[in-house]
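S.K.: According to our numbering, the stretch in the sequence shown is residues 27 to 254, in order. A virtual CB, placed ideally from N, CA and C, is assigned to each residue, including glycine. Here it is: the structure, laid out below.
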Amino acid sequence: MSYLFYFKAYISEKLLAQCINNILLQTKIDSIQVDTANRGKSPVLTGLASQKNKDALLKTINQNCDILELHDLIKVKVAIKTVGTYLGFQIDNAHNIVTIEGLVSNQSERENILDSFTSAMTDMTIKHDIKIDARAKSTDYAMYITLLLASIANIQLADITIQNNELRLKGLVRDKTREQQTLNILQQLFQDDLKIINQLELVVKFKPDIEALKFENMPMPLLDPKQQ
27 MSYLFYFKAY
37 ISEKLLAQCI
47 NNILLQTKID
57 SIQVDTANRG
67 KSPVLTGLAS
77 QKNKDALLKT
87 INQNCDILEL
97 HDLIKVKVAI
107 KTVGTYLGFQ
117 IDNAHNIVTI
127 EGLVSNQSER
137 ENILDSFTSA
147 MTDMTIKHDI
157 KIDARAKSTD
167 YAMYITLLLA
177 SIANIQLADI
187 TIQNNELRLK
197 GLVRDKTREQ
207 QTLNILQQLF
217 QDDLKIINQL
227 ELVVKFKPDI
237 EALKFENMPM
247 PLLDPKQQ
């Protein structure tokens, strides 16, 4: 009699485990484990899942599997909100100053950025306000800087921002030819990584309008009669 009881309990546990495992397979949740051994119709669920997946899973099991009580030991996975990174810098050639600001994910990235500037611009004073946030996505800005600084020689008062896979380019150029040369170089370098947003302006040089100038009619000096 007792043998038959244990046999039925064993079969019941196996069927219950199969039912739950089929649901896990269908929902493609492989981070959850089920334990039915010697627990009758009261299985234990352990593992890690988002709150949404956990709620949906428990509801599906209760509706489709023959259970008395479901012991839920599933831990809720808390999503870490990421923070967007950016890097901006301004080059003031007139005063030999480079000002850098941005947000990166770690100290190493900040040091690499500063090393890239100091190595390429040895005669410039480097000022920076680069913040660190561990939630930020790691980005190799140092690689961009090395390529950028060699490409913007024609830009005066350059103002560059890299953010959201875009490179925003501001500054002054002397003519359209230099502007197009700069854009062509940047497109070749970053066409697979960054979208180039061109906000360059042409330097306007003052050219006086000769016809608009008015000269005073100065009287001619009288000649000495003796010199006539």
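(1) So Gln189 is in the beta strand (DSSP E); what residue range does that whole segment cover?
(2) Less than 6 Å between the CB of Gln206 and some heavy atom of the ligand HEM, yes or no?
(3) Just confirm the distance between the C-beta atoms of Leu99 and Val70, as a whole number of angstroms; I'd bet it's less than 8 Å.
(4) Can you name, in chain order, every residue of its own chain whose Cβ lies under 6 Å from the Cβ of Ile139, other than the five neighbours on each side?
(5) Do the CB positions of Arg161 and Val109 come within less than 7 Å of each other?
(6) For Arg95, tell me which candidate among Ser68, Thr111, Lys85 and His121 has the shortest Cα-Cα distance.
(7) Quick one: what does DSSP say Gln217 is sitting in, helix, strand or coil?
(8) At what residues does the beta strand (DSSP E) containing Thr151 begin and finish?
(9) DSSP on Ile100, reduced to helix/strand/coil?
(10) Could you check which residue in Ile171, Leu174 and Lys40 has the C-alpha nearest to that of Asp61?
(11) Beta carbon of Val199, beta carbon of Glu192: below 7 Å?
(12) Report yes if the C-beta distance between Thr172 and Ser142 is below 7 Å; otherwise report no.
(13) One question on the structure: do Gly114 and Glu135 come within less than 7 Å of each other, judged by their Cβ atoms?
(14) How big is the Cα-Cα spacing for Lys153 and Ile123?
(15) Under a three-way DSSP split, which group does Glu95 fall into?
(16) Helix, strand or coil: which one does DSSP assign to Asp141?
(17) Which of the three DSSP states, helix, strand or coil, is assigned to Arg65?
(18) In angstroms, rounded to a whole number, what distance separates the CA positions of Asp218 and Ile87?
(19) In three-state DSSP terms, what is Ile178?
(20) For Asn224, name the three-state secondary structure that DSSP assigns.
(21) In whole angstroms, what separates the C-alpha of Phe232 from that of Asp201?
M.R.: Concretely, from the data shown:
(1) Against the sequence shown, residue 189 aligns to sequence position 163. Unbroken beta strand (DSSP E) run through Gln189: Gln182 to Gln189.
(2) The model on display carries no ligand, and the ligand HEM is accordingly not part of it.
(3) Sequence index remark: in the sequence shown, residue 99 carries index 73 (1-based). Sequence index remark: in the sequence shown, residue 70 carries index 44 (1-based). Indeed, because the Cβ distance is near 6 Å, the residues count as touching under 8 Å.
(4) Walking along the sequence shown from the start, residue 139 turns up at place 113. Counting only Cβ-Cβ distances below 6 Å, and skipping sequence neighbours, we find Tyr167 and Ala168.
(5) Position 135 of the sequence shown holds residue 161. Position 83 of the sequence shown holds residue 109. In contact: Arg161 and Val109 (Cβ atoms closer than 7 Å).
(6) Translated into positions along the sequence shown, residue 95 becomes position 69. In the sequence on display, residue 95 carries Glu and not Arg. Nearest option by C-alpha distance: Ser68.
(7) On the sequence shown, residue 217 is found 191 positions in, with the first residue counted as 1. The answer is coil: DSSP assigns Gln217 none of H, G, I, E or B.
(8) Counting from 1 along the sequence shown, the entry for residue 151 is found at position 125. Unbroken beta strand (DSSP E) run through Thr151: Thr151 to Ile158.
(9) Along the sequence shown, one-based indexing puts residue 100 at 74. Ile100 falls in the strand class under three-state DSSP.
(10) Taking the sequence shown and counting its residues from 1, one reaches residue 61 at position 35. For Asp61, the nearest C-alpha among the options comes from Lys40.
(11) Position 173 of the sequence shown, counted from the first residue, corresponds to residue 199. Position 166 of the sequence shown, counted from the first residue, corresponds to residue 192. The answer is no: Cβ separation not under 7 Å.
(12) Taking the sequence shown and counting its residues from 1, one reaches residue 172 at position 146. Taking the sequence shown and counting its residues from 1, one reaches residue 142 at position 116. In this structure, Ser142 lies closer than 7 Å to Thr172 by Cβ.
(13) For the purposes of this step, residue 114 is identified with residue 88 of the sequence shown, where counting begins at 1. For the purposes of this step, residue 135 is identified with residue 109 of the sequence shown, where counting begins at 1. Not in contact: Gly114 and Glu135 (Cβ atoms no closer than 7 Å).
(14) Stepping through the sequence shown from its first residue, residue 153 is reached at position 127. Stepping through the sequence shown from its first residue, residue 123 is reached at position 97. Roughly 7 Å between the two C-alpha positions.
(15) By one-based count along the sequence shown, residue 95 stands at place 69. Reduced to three states, the DSSP call for Glu95 is coil.
(16) As a working note, residue 141 is residue 115 in the sequence shown. Helix at Asp141.
(17) Within the sequence shown, the letter at position 39 stands for residue 65. Three-state DSSP puts Arg65 in coil, outside helix and strand.
(18) Position 192 of the sequence shown, counted from the start, is the residue given in the question as residue 218. Position 61 of the sequence shown, counted from the start, is the residue given in the question as residue 87. C-alpha separation (whole angstroms): 47 Å.
(19) Residue mapping note: residue 178 aligns to position 152 of the sequence shown, counting from 1. The answer is coil: DSSP assigns Ile178 none of H, G, I, E or B.
(20) Indexing the sequence shown from 1 puts residue 224 at position 198. Strand, per DSSP.
(21) Translated into positions along the sequence shown, residue 232 becomes position 206. Translated into positions along the sequence shown, residue 201 becomes position 175. Because the pLDDT of Phe232 is 42, which lies under 50, any placement of that residue in the model is unreliable, and the question is left without a value.
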